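Accompanying notes for the structure given below.
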Amino acid sequence: MDSTGQLYRSPLLEEDNFLLENTLEWTGDGSVCIRGHPASKKHTGKWKASSLTIVCSFCSYLAISSISKNLVSYLTKVLHETNVVVARNVSAWQGTSFLSPLVGAFIADSYLGKYWTALIFFTIFIIGMMVLVLSTSLLISIDPQVWPAWTDTVSSQHIIFFLGLYMVAIGYGGQYPCVTSFGADQFDDTDEEERTQKSSFFNWNHFTLNAGALISGTIIVWIQDHEGWLWGFTIAALFVALGLGSFLLGSSVYRFQKPGGSPLARMCQVIVAATCNFDKDLPCDCSLLYEIPGQGSGIEGSRKLEHTTGLEFFDKAAIVTSADSLAQMFSTFIEQGMVMEKHIGSFEIPAASFQSVDVIAVLALVPVYERVLVPVFRKFTGMANGITPLQRMGIGLFFSTLSMVSAAMVESNRLRMVQDKGLVNQNVAAPMSILWQGPQYFLLGAGEVFSIIGLNEFFLQGIT
Numbered sequence: 475m476d477s478t479g480q481l482y483r484s485p486l487l488e489e490d491n492f493l494l495e496n497t498l499e500w501t502g503d504g505s506v507c508i509r510g511h512p513a514s515k516k517h518t519g520k521w522k523a524s525s526l527t528i529v530c531s532f533c534s535y536l537a538i539s540s541i542s543k544n545l546v547s548y549l550t551k552v553l554h555e556t557n558v559v560v561a562r563n564v565s566a567w568q569g570t571s572f573l574s575p576l577v578g579a580f581i582a583d584s585y586l587g588k589y590w591t592a593l594i595f596f597t598i599f600i601i602g603m604m605v606l607v608l609s610t611s612l613l614i615s616i617d618p619q620v621w622p623a624w625t626d627t628v629s630s631q632h633i634i635f636f637l638g639l640y641m642v643a644i645g646y647g648g649q650y651p652c653v654t655s656f657g658a659d660q661f662d663d664t665d666e667e668e669r670t671q672k673s674s675f676f677n678w679n680h681f682t683l684n685a686g687a688l689i690s691g692t693i694i695v696w697i698q699d700h701e702g703w704l705w706g707f708t709i710a711a712l713f714v715a716l717g718l719g720s721f722l723l724g725s726s727v728y729r730f731q732k733p734g735g736s737p738l739a740r741m742c743q744v745i746v747a748a749t750c751n752f753d754k755d756l757p758c759d760c761s762l763l764y765e766i767p768g769q770g771s772g773i774e775g776s777r778k779l780e781h782t783t784g785l786e787f788f789d790k791a792a793i794v795t796s797a798d799s800l801a802q803m804f805s806t807f808i809e810q811g812m813v814m815e816k817h818i819g820s821f822e823i824p825a826a827s828f829q830s831v832d833v834i835a836v837l838a839l840v841p842v843y844e845r846v847l848v849p850v851f852r853k854f855t856g857m858a859n860g861i862t863p864l865q866r867m868g869i870g871l872f873f874s875t876l877s878m879v880s881a882a883m884v885e886s887n888r889l890r891m892v893q894d895k896g897l898v899n900q901n902v903a904a905p906m907s908i909l910w911q912g913p914q915y916f917l918l919g920a921g922e923v924f925s926i927i928g929l930n931e932f933f934l935q936g937i938t
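Each number in the numbering used here comes from the position in the sequence shown (counting from 1) with 474 added on.
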């Protein structure tokens, strides 16, 4: 009330109301819309935006898995490579696809952002698929009884095929971390409700990836084996185009994070700085360490990380990761299945299709984890997500270990049967059903539900 007796509104109340309206209308994590303006909570992001990235991931993973699941069969039956050469080529190709995400993530974090980097690598992905279709077209235009004798033709076909194959690996690998993390960016970490939805996003994103893997491991593999590789590669290329279209469809409702520099570069800077100060004593009070004041980060596009008291994570360099066990599913597991009895009555199960057991395990266990295990864990831990990403990864590694134990037992029994039946060095299947591979695939899928999803959640929450 002023000297005239009239009431007036406090500027402090006006400021508080303005801040409250800002909190309700705009995101609190610094994200912007495609025009560069602050992102609206109501009109951008959340499930309506992240669902389009999930569809994109589904289509692209269906395409890449339709290649990876049956690549051993193509190299042995079509290109007539030996098992040793096949294992080497498959491992080299997998290595390229696993290293490509580092390149894509670096470009996205340092320069272009996730959206534009994903579009660039998607273009490479589509071109690679078109090259694979072209190489298959050249192959079927030659009489299968004649072309192996034509050295120049075989060499040219090999070059075109592997050119397309590695373009696919680079394209898919480069866009994968961008699309996945971009989908997670659609949820505001400063909002409790959206932060919980973000955790669910990782579960359902991985669920749909494996739905794509199930389709590719059954329908697409069957088409490749019975209708021809041209049809198989063409369908995969169409799904890549469909995924790109889905990704572009949500451009107007996406939330964009500004590039904040590569986490790898910042990690190296921390290591160098720590090494330079190795002879200096740490203060007893951590508040005396240098830190940017306030809640914001000194790096644009990044959030401030909580202080930790140790550097035990360096010990993890020697840990055998879950990816090492997953890599066996696409090479040695298939080679093992190809020399086992694949018939159930008159029906023959393609060795590559048996990878679908892993996919079925993931599809079955992701809803169980989301709807059953998380509430149970939450009662004991009091955490919104039930358990921490590191605990989830540890459980996954345990299941992956059991999978390798099961695979080793199957292989030992198979080798013993081969020796007992006198089938060594003979090109015949061992009298052992391929169904014995079921437990190792199922355990690998169970480990994937915990370790791979937990790893994605850990990276995207802890290194941003």
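For each residue, glycine too, the CB sits at the ideal point set by N, CA and C. A quick note: this is a predicted structure, and the numbers were derived from the prediction, not measured.
Per DSSP, Ser907 is one residue of the beta strand (DSSP E) stretching across Ala904 to Ser907.
Under DSSP, no beta-bridge partner is assigned to Ile581. For Met883, the three-state secondary structure derived from DSSP is helix.
Counting along the chain, the unbroken alpha helix (DSSP H) around Ser720 starts and ends at Trp703 to Leu723. Distance between Ser820 and Ala903, taken at the CA atoms: about 16 angstroms. Fewer than three Cβ pairs drawn from the region 506-514 and the region 648-656 lie within less than 8 angstroms of each other, which leaves the two stretches out of contact. Cα atoms of Ser525 and Gln671: separation of roughly 12 angstroms, rounded to the nearest angstrom. Judged by DSSP in its simplified three-state form, Ile634 adopts helix. Distance between Phe730 and Asp663, taken at the CA atoms: about 14 angstroms. For Phe933, DSSP records no beta bridge to any residue. Looking at the DSSP output, Pro733 shares a beta bridge with no other residue. Gly602 and Ile689 have their C-alpha atoms spaced approximately 21 angstroms apart. Burial of Ser874 is indicated by the presence of at least 16 other C-beta atoms within 10 angstroms of its C-beta. DSSP, read as helix, strand or coil, puts Phe661 in coil.
About 15 angstroms separates the CB atoms of Gly638 and Phe595; that is not less than 8 angstroms, and the two are not in contact. Per DSSP, the continuous alpha helix (DSSP H) segment holding Pro849 begins and ends at Val848 to Thr855.
Secondary structure note for Glu666: its alpha helix (DSSP H) is the uninterrupted segment Glu666 to Ile689. By alpha-carbon distance to Ile869, the top candidate from Glu922, Phe635 and Arg890 is Glu922. Ile634 places its beta carbon 9 angstroms or farther from that of Ser674.
Nearest to Asp832 by alpha-carbon distance, out of Val813, Ala882, Ala825 and Leu917, is Leu917. Remark: C-beta atoms of Val552 and Trp678 do not approach each other more closely than 9 angstroms.
Per DSSP, the beta-bridge partners of Ile818 are Phe821.
Rounded to whole angstroms, Phe661 and Lys588 show a C-alpha spacing of 15 angstroms. Going by DSSP, Leu545 is part of the alpha helix (DSSP H) stretching over Leu545 to Lys551. For Ile528, the uninterrupted alpha helix (DSSP H) run begins and ends at Lys520 to Ser542, by DSSP. In the DSSP secondary-structure assignment, Ser514 is bridged to Trp500.
Judged by DSSP secondary structure, Ser726 falls outside any alpha helix (DSSP H); it is assigned neither H nor E. Look at Val506 here: in three-state DSSP terms it is strand.
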